[in-house]
Amino acid sequence: MMFSEDTQVTGIVFNIQHYSVHDGPGIRSNIFLKGCPLACRWCSNPESRSPRPELAFKEGRCLGLGKCTRCLGACPHQAIRPGSDGKPVIDRTLCRDCAFQCAAACPPHAAIVYGEHRTVDSVLQEVEKQEIFFSTSGGGITLSGGEPLFQEKFALALLREARRRRLATAVETTGFMPWER
Ligand code: SF4
Ligand code: SF4
């Protein structure tokens, strides 16, 4: 079997959401790409704006420094310090969004990373598991974000390869891009 070069193109994905019924016909899998040139006040996915992977902190999941201090010691830049409420505080002026050792060290995933380098093939292998829902509902995949055309090479490769695999495609875009894209 011949594989296209598109399968190995890499981009940054921050979420894949299955069983979506609001982003195109039928039941769909939304693939959220990171990065957007705008900063709308009503943005529903502000964690998608930066084009790079970035650290987030879900405070409600944190065990508290009385039970766990792993992230404090994990950061090589001393960007995490104890807060007055018994939870850690991330000093964003020191955080380098480095190799995310803090997130790797956090047992309940309170410190998490938004954004992961993925190949076209790995993304499509994941969404192809939903094919039965696509074919029975007239659904498919929707590229969203962020602004999916911000990663235009990855978006184009994803769409081309999805079509080769007979997946229906849609794109949610702001249209805020050079016309050629
Ligand atoms: S992402 Fe890196 S620099 Fe930022 S807090 Fe975590 S370990 Fe420290
Ligand atoms: S490692 Fe996780 S659970 Fe432990 S203090 Fe840090 S954020 Fe909280």
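The sequence shown begins at 16 in our numbering and counts up one residue at a time. Built from N, CA and C at the ideal position, the CB exists for glycine as well.
Count the other CB atoms within 10 Å of the CB of Ser99; is the residue buried (16 or more) or exposed (fewer)?
Its Cβ having fewer than 16 others within 10 Å, Ser99 is exposed.
Exposure label - Asp21; buried when at least 16 CB within 10 Å:
Flag for Asp21 reads buried.
Cβ contact check for the stretch 139-151 and the stretch 122-130: 3 or more pairs under 8 Å:
The stretch 139-151, when compared against the stretch 122-130, does not touch it at the 8 Å Cβ threshold.
According to the Cβ coordinates, are Ser63 and Gly190 closer than 7 Å?
Going by beta carbons, Ser63 and Gly190 fall outside the 7 Å limit.
Hey, is the stretch 93-107 in contact with the stretch 37-56, meaning 3+ C-beta pairs nearer than 8 Å?
Taking 8 Å as the limit for Cβ pairs, the verdict is that the stretch 37-56 does not touch the stretch 93-107.
Residue range of the unbroken alpha helix (DSSP H) whose run includes Phe169:
Segment Glu167 to Arg179, the alpha helix (DSSP H) holding Phe169.
Here's the rule I'm using: 16 or more other beta-carbon atoms within 10 Å means buried, otherwise exposed. How should Gly101 be labelled?
So Gly101 counts as exposed.
On the criterion of 16 or more Cβ atoms from any shown chain inside 10 Å, does Pro91 qualify as buried, or is it exposed?
It counts as exposed.
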